[in-house]
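If you count by this note's numbering, then the sequence shown holds residues 19 to 262, one letter each, in order.
Every residue gets a Cβ at the ideal spot worked out from N, C-alpha and C, and that includes glycine.
Below is one structure, written out as structure tokens; the observations come after it.
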Amino acid sequence: MRILVSNDDGVYSPGIHALARVAQGYGDVRVVAPDVEQSAMSHAITIRRPLHYARVRIDGLDAFKVDGTPADCVALGAHHWDKVDLVLTGINLGLNIGHNIWHSGTVAAAKQASFLGIPAIAFSAPWVEGDIDYRVYESYLRRVIELFLAHPDLPLLNVNFPEEPRDLRWTKMSVRHYDGYVIPGQDPMGRTHYWFAEEPRERVEEGTDRWALDQGFVSLTPLRLDLTDDERLALARKVVQADG
Ligand code: MN
């Protein structure tokens, strides 16, 4: 089995190395990731300049860097390696739950695989100060990968780890309350600048990704590429028929 591993934190991120090493237990692994951090780039692709794909030396890994976005990396990775069977992205340094799924480059890399018809899982873990011991996640990474391989009807999965996982839970994306906001500040020249920030959400709905992580569960959310709101589409069709 050919497993392409990517991320948005960059090819030298410890998270991608931890994921690639676990993936080596399941097949041939190739890392193709951005040369610099591309977090929150979402599903951007590079179309106004050429891209470069170059081998990098990382102990024990077949690895390449790309001067582009996470989606570019998966597209170039699949171009250079025939018949990729599985794409794994992450482990992101920071959770990708709720609205962050929209902003995430890690999730977008998995979505890009899905566009290409390749099953994919995005993995994220809480951002912590200092070094993370990824061994905590190894057994859960294996559990999720094995579960995913046994269920081809789940082609795109977003997975988030709590700091100390105690079990797995199927969840839905928590989007009721937006946690993003803008903080103005001043630079040394006295000009106003702005930081995009997040505030913690206090109330979480049961069954959502945010809820599962609060409870210490690994959150597994099946995603889809079709953004159509089927309920409202049915409603819209009825309205137009009534008018006609
Ligand atoms: Mn990131």
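### Query
Any heavy atom of the ligand MN within a distance shorter than 6 Å of the CB on SER57?
At least one heavy atom of the ligand MN is nearer than 6 Å to the Cβ of SER57, so yes.
### Query
Across which residues does DSSP place ASP3 in a beta bridge pair?
Absent from the model: residue 3. The displayed extent of the chain is 19 to 262, so no value can be given.
### Message
Are there any heavy atoms of the ligand ZN lying less than 6 Å away from the beta-carbon of ASP100, as far as the coordinates show?
### Response
With respect to the ligand ZN, the structure shown offers nothing to examine, as its ligands consist of the ligand MN.
### Message
Which of the three DSSP states is assigned to ALA58 in this structure?
### Response
coil
### Task
For LEU243, count neighbouring C-beta atoms within 10 Å of its own C-beta (all shown protein chains included) and say buried if the count is 16 or more, exposed if not.
LEU243 comes out exposed.
### Query
Under 6 Å from any heavy atom of the ligand MN, does the C-beta of ASN178 make it?
Because no heavy atom of the ligand MN lies under 6 Å away, the Cβ of ASN178 does not count as near it: no.
### Message
Using CA atoms only, rank isn't needed, just tell me which of ASP185, MET19, ILE119 and PHE82 is closest to LEU104.
### Response
Nearest C-alpha to LEU104: MET19.
### Task
Starting from THR239, follow the alpha helix (DSSP H) in both directions and report where the run begins and ends.
Looking at the DSSP string, THR239 is not in any alpha helix (DSSP H); the run it does join, the beta strand (DSSP E), is 235-240.
### Query
Any heavy atom of the ligand MN closer than 6 Å to the Cβ of ASN118?
ASN118: no, Cβ never under 6 Å from the ligand MN.
### Message
Here's the rule: buried if 16 or more other CB atoms are within 10 angstroms of the residue's CB, otherwise exposed. What is SER192?
### Response
buried
### Message
Please report the straight-line C-alpha distance between TRP145 and GLY234, rounded to a whole angstrom.
### Response
One C-alpha to the other measures close to 15 Å.
### Query
Going by the CB atoms, is the gap between LEU253 and VAL177 shorter than 7 Å?
no
### Query
Roughly how many whole angstroms lie between the Cα atoms of GLU223 and ASN114?
17 Å
### Message
Between which two residues does the alpha helix (DSSP H) holding GLU164 run?
### Response
Its alpha helix (DSSP H) spans residues 153-168.
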